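Beneath this line is the structure, given in structure tokens, with notes to follow.
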Amino acid sequence: MSTVANAGQLTTAEPRRPWAVSRSKRLLGFGRMLTFAIAAFVATILTPLANFDGWAVAFLLINLAWVIGIASKLGAKERRDAVLRVVITSLAVLAFVPWLSIFVTVILKGYRAVYPGYFISDMRTSTPDDELNIGGAGHAIVGSLIMVAIATVVTLPLGILTGIYLTEVRGRLTFLVRFIVQSMAGVPSVVAGLFLFATVVRSMGKYSGLAGGLALAVLMLPTVSRTAEEVLKLVPDDIRSAGYALGARQWRTALLVVLPTVRAGLSTAAILGIARVIGETAPLLLTSLNTNGFVWNPIGGTVASLPTYIFAMFMYGTEYSTARAWTGSLVLLALVLFFFIIARRLGNRVALKANANRRK
Amino acid sequence: MVVYSRADRIFRRIVTGGALIALLLLGFISVFLVMRSAETFRQFGLDFITGSEWFSAGEDPLGGAVEGAVVEVDESVFSIGPMIVGSLVVALIAMLIAVPLSIGGALYIEFYAPRSIYRVLVSLLDLAAAIPSLIFGLWGIQVFTAIGVRWATLLNDRLSFIPIFSVEFENFGRSPFVAGCVLAALVVPITTSVSREVYSRTPRDLIDTCFALGGSKWGAIRSVVMPYGKSGVIAGAMLGLGRALGETVAIYLMLNLVFRYSFEILDSAGGNVASMIALKFGEATDKEISALIASGLVLFIITLIVNMIASSIVARTTPRA
Numbered sequence: 003m004s005t006v007a008n009a010g011q012l013t014t015a016e017p018r019r020p021w022a023v024s025r026s027k028r029l030l031g032f033g034r035m036l037t038f039a040i041a042a043f044v045a046t047i048l049t050p051l052a053n054f055d056g057w058a059v060a061f062l063l064i065n066l067a068w069v070i071g072i073a074s075k076l077g078a079k080e081r082r083d084a085v086l087r088v089v090i091t092s093l094a095v096l097a098f099v100p101w102l103s104i105f106v107t108v109i110l111k112g113y114r115a116v117y118p119g120y121f122i123s124d125m126r127t128s129t130p131d132d133e134l135n136i137g138g139a140g141h142a143i144v145g146s147l148i149m150v151a152i153a154t155v156v157t158l159p160l161g162i163l164t165g166i167y168l169t170e171v172r173g174r175l176t177f178l179v180r181f182i183v184q185s186m187a188g189v190p191s192v193v194a195g196l197f198l199f200a201t202v203v204r205s206m207g208k209y210s211g212l213a214g215g216l217a218l219a220v221l222m223l224p225t226v227s228r229t230a231e232e233v234l235k236l237v238p239d240d241i242r243s244a245g246y247a248l249g250a251r252q253w254r255t256a257l258l259v260v261l262p263t264v265r266a267g268l269s270t271a272a273i274l275g276i277a278r279v280i281g282e283t284a285p286l287l288l289t290s291l292n293t294n295g296f297v298w299n300p301i302g303g304t305v306a307s308l309p310t311y312i313f314a315m316f317m318y319g320t321e322y323s324t325a326r327a328w329t330g331s332l333v334l335l336a337l338v339l340f341f342f343i344i345a346r347r348l349g350n351r352v353a354l355k356a357n358a359n360r361r362k
Numbered sequence: 008m009v010v011y012s013r014a015d016r017i018f019r020r021i022v023t024g025g026a027l028i029a030l031l032l033l034g035f036i037s038v039f040l041v042m043r044s045a046e047t048f049r050q051f052g053l054d055f056i057t058g059s060e061w062f063s064a065g066e067d068p069l070g071g072a073v074e075g076a077v078v079e080v081d082e083s084v085f086s087i088g089p090m091i092v093g094s095l096v097v098a099l100i101a102m103l104i105a106v107p108l109s110i111g112g113a114l115y116i117e118f119y120a121p122r123s124i125y126r127v128l129v130s131l132l133d134l135a136a137a138i139p140s141l142i143f144g145l146w147g148i149q150v151f152t153a154i155g156v157r158w159a160t161l162l163n164d165r166l167s168f169i170p171i172f173s174v175e176f177e178n179f180g181r182s183p184f185v186a187g188c189v190l191a192a193l194v195v196p197i198t199t200s201v202s203r204e205v206y207s208r209t210p211r212d213l214i215d216t217c218f219a220l221g222g223s224k225w226g227a228i229r230s231v232v233m234p235y236g237k238s239g240v241i242a243g244a245m246l247g248l249g250r251a252l253g254e255t256v257a258i259y260l261m262l263n264l265v266f267r268y269s270f271e272i273l274d275s276a277g278g279n280v281a282s283m284i285a286l287k288f289g290e291a292t293d294k295e296i297s298a299l300i301a302s303g304l305v306l307f308i309i310t311l312i313v314n315m316i317a318s319s320i321v322a323r324t325t326p327r328a
């Protein structure tokens, strides 16, 4: 700040961070953790706690005991802080471990049966118990994509219209529509399956991809309309006012000004919906079942889909069929991830655009 | 007063129509479920909900083709009491485990995680909330059951004097406890991401004020963050509960369905409406289908109530923009 330029002093001044953890302290902490880890291991031998999970629990308990122990030296404030820190970190570890374990398991177990043919061949000429280099889930992937496509075609217009209704039109039913659509998000998937079974499957007299796709649509609609509403809310009112100021009526403003601004966001809505339903199993067990071959006709009887394929393979119960199920899970998870990444990319673009608009 | 042109009115009508279709869809589902299950409710009345027997006499094995065959009285009995109770028990176990974990996980991500892994954790969490439940079921059987059974054995060893931890047979796999744990794993990402979102919206000023007044992190979390995020956490938990009550395949794979009232959560016997529907559906007779649809209706009503409570909490507490 001083106007006296003293270049030499400026360059030699070391930035000091008194709050930074020193090296010796870090080493000490590391050593402590190591000791606790060994102590936890001993505990797994001496007590009924066993295996890795037992070790983890022992480790957390020892940590907690230590914190409470040293806490007696601290003031009341620091003591609570230290205990809270350990408690929250342990809860977080317990909360994160299962799904991290799932990611790892799916990759490790699913990797085994992956070969190029898995994506293009079906199970017509091979049994679930065959060697892993015969047969595949191509038919299931195709079936899943067809049904998801049906669901998207049905829900996207409805979802967007609902979104527009809730943000642009704001009629008398706004509250009711929002409330009901939100409640619909909780329709158990098996109930959607039952509904489509009792209507479409019964009236057509056969299981079909169409019924499966419509069941997925029922589950997808809340996600799509909710996201569409959120995205439309992001559009600044200035843009609407600008539209009106130029003499455009509401319909022109909505269709030609507001909607194009959020095109990317509406795609996000669709993709989030897809990611939500592509792994749904229960409704498909009631509406489209499973087959061994490629089915391209959505009203031509039972259709295989990735979830029902995985389910069937897993229930078959042999080593090779289980490996196939895990590979199916890997493909399914990869699809979900793929849709997620696209949604995020588009979502970022929407956020950027909205911010840019706001700044102007 | 806004004046709409004719084109505007048409536009508004079309949009309203679309929203109405979405609205009517739900109404249609309810009406349909009620219509199709009327037969079952007429025959069994309230016993359908309280009774504990499911017996399908099956269709006439001769297909009614043989003349003079004695037409037997249809002895089918359908009731789902244990399944409803079982659903509630498993969901309760799941929520008891999941809610503390979610709060801890959300607080950790928002206030304790190093900045470098914050973004990674948030993205992974969102992805985890989208893991299909089928994969949770697979993981539950192949990875978690061994762990869960060990803990169940431990609980049973030490705490069997408490009625709910006692068992008839020492066979802990496929028990409500193990299934509830897997269900908790399934619910945690959902409730965590909702809670995290609410916690992240805590006004920074309030937290800073707390620190400026000499408050500790504990103080800030207890007196600012938790009260501010309470309704969000409740809503997230209710969403999770709705999910847990309606979960089908994961429970189907993890739980042994038995038509008997049982509160011994370590016993390899439990109930669940949704997975019972999936289980019985395969070889169901016409009458049984009607009973299954009635079960679906009961499940639908239960989850609808839970979700309406959740969304009304959210609606009441979300600050109006």
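Protein chains in written order, with my numbering: chain A, 3 to 362; chain B, 8 to 328. For glycine and all other residues, C-beta sits at the position ideal for the given N, C-alpha and C. Since the model is a prediction, treat every value here as computed from it, not as a measurement.
Environment of residue i [buried if 16+ CB atoms lie within 10 Å]
i, result
"Thr37/A", "exposed"
"Gly277/B", "buried"
"Thr225/A", "buried"
"Val38/B", "exposed"
"Pro262/A", "exposed"
"Pro190/A", "buried"
"Leu216/A", "buried"
"Pro210/B", "exposed"
"Thr213/A", "Reading off the sequence shown, one finds Ala at residue 213/A, where the question assumed Thr. The residue is buried, with at least 16 neighbouring Cβ atoms inside 10 Å."
"Leu69/B", "Only weak support exists for where Leu69/B lies, its pLDDT of 46 falling under 50; the coordinates are left without a value."
"Val201/B", "buried"
Alpha carbon of residue i to alpha carbon of residue j, nearest angstrom
i, j, result
"Gly93/B", "Gly140/A", "38 Å"
"Leu27/B", "Val237/A", "24 Å"
"Ser4/A", "Ala219/B", "At Ser4/A the pLDDT is 47, less than 50, meaning the model places this residue with poor confidence; the figure from the coordinates comes in the next sentence. Whole-angstrom Cα-Cα distance: 29 Å."
"Asn263/B", "Val240/B", "32 Å"
"Ser290/A", "Gly289/B", "12 Å"
"Phe181/A", "Asp55/A", "42 Å"
"Ala345/A", "Pro121/B", "26 Å"
"Arg323/B", "Pro118/A", "53 Å"
"Ala98/B", "Phe177/A", "30 Å"
"Thr47/B", "Phe197/A", "16 Å"
"Gly349/A", "Ala67/A", "45 Å"
"Phe151/B", "Ala186/B", "10 Å"
"Ser128/A", "Ser282/B", "30 Å"
"Phe341/A", "Ile276/A", "8 Å"
"Tyr125/B", "Glu117/B", "8 Å"
"Leu234/A", "Ser182/B", "46 Å"
Residue i - containing alpha helix (DSSP H), residue span
i, result
"Trp298/A", "Looking at the DSSP string, Trp298/A is not in any alpha helix (DSSP H), and its letter there is neither H nor E."
"Lys224/B", "224 to 227"
"Gln184/A", "176 to 186"
"Glu60/B", "Neither: Glu60/B is in no alpha helix (DSSP H) and is coded neither H nor E."
"Leu257/A", "First-last for Leu257/A: undefined, no H or E at that position."
"Tyr235/B", "233 to 253"
"Asn163/B", "152 to 166"
"Ile148/A", "140 to 166"
"Pro183/B", "183 to 207"
"Val192/A", "191 to 198"
"Leu268/A", "265 to 279"
Residue nearest to residue i in terms of C-alpha spacing, selected from the options
i, options, result
"Gly243/B", "Val96/B, Arg203/B, Ala281/B, Trp225/B", "Arg203/B"
"Ala187/A", "Leu261/A, Arg228/A, Ala39/A", "Arg228/A"
"Ser83/B", "Ile91/B, Glu60/B, Ala98/B", "Glu60/B"
"Ile312/B", "Tyr206/B, Arg19/B, Arg49/B, Leu252/B", "Leu252/B"
"Val127/B", "Val144/A, Ala230/A, Leu48/A, Leu102/A", "Leu102/A"
"Leu53/B", "Leu32/B, Gly25/B, Ile87/B", "Ile87/B"
"Ser173/B", "Ala317/B, Ile272/B, Phe35/B, Ser44/B", "Ile272/B"
"Glu231/A", "Pro159/A, Thr154/A, Gly165/A", "Gly165/A"
"Ala227/B", "Val185/B, Tyr119/B, Ala153/B, Ala136/B", "Tyr119/B"
"Leu258/A", "Ala271/A, Ala244/A, Ser269/A, Leu335/A", "Ala244/A"
"Ser146/A", "Thr283/A, Gly302/A, Thr329/A", "Thr283/A"
"Ile110/B", "Thr199/B, Asp274/B, Val205/B", "Thr199/B"
Chain E contact for residue i (CB, 7 Å cutoff)
i, result
"Val201/B", "Considering every chain present, this structure includes no chain E. Its protein chains are A and B."
* To do: Take every Cβ of the region 97 to 107 of chain B, pair it with every Cβ of the region 244 to 254 of chain B, and state whether three or more of those distances are shorter than 8 Å.
  => yes
* Touching or not, the region 256 to 275 of chain B and the region 186 to 199 of chain B, by the rule of three or more beta carbon pairs under 8 Å? -> yes
* Asked: Just checking, does the region 299 to 316 of chain B make contact with the region 315 to 326 of chain A on the three C-beta pairs under 8 Å criterion?
  -> no
* Could you say if the region 146 to 162 of chain A and the region 298 to 311 of chain A meet the contact criterion of at least three C-beta pairs nearer than 8 Å? => yes
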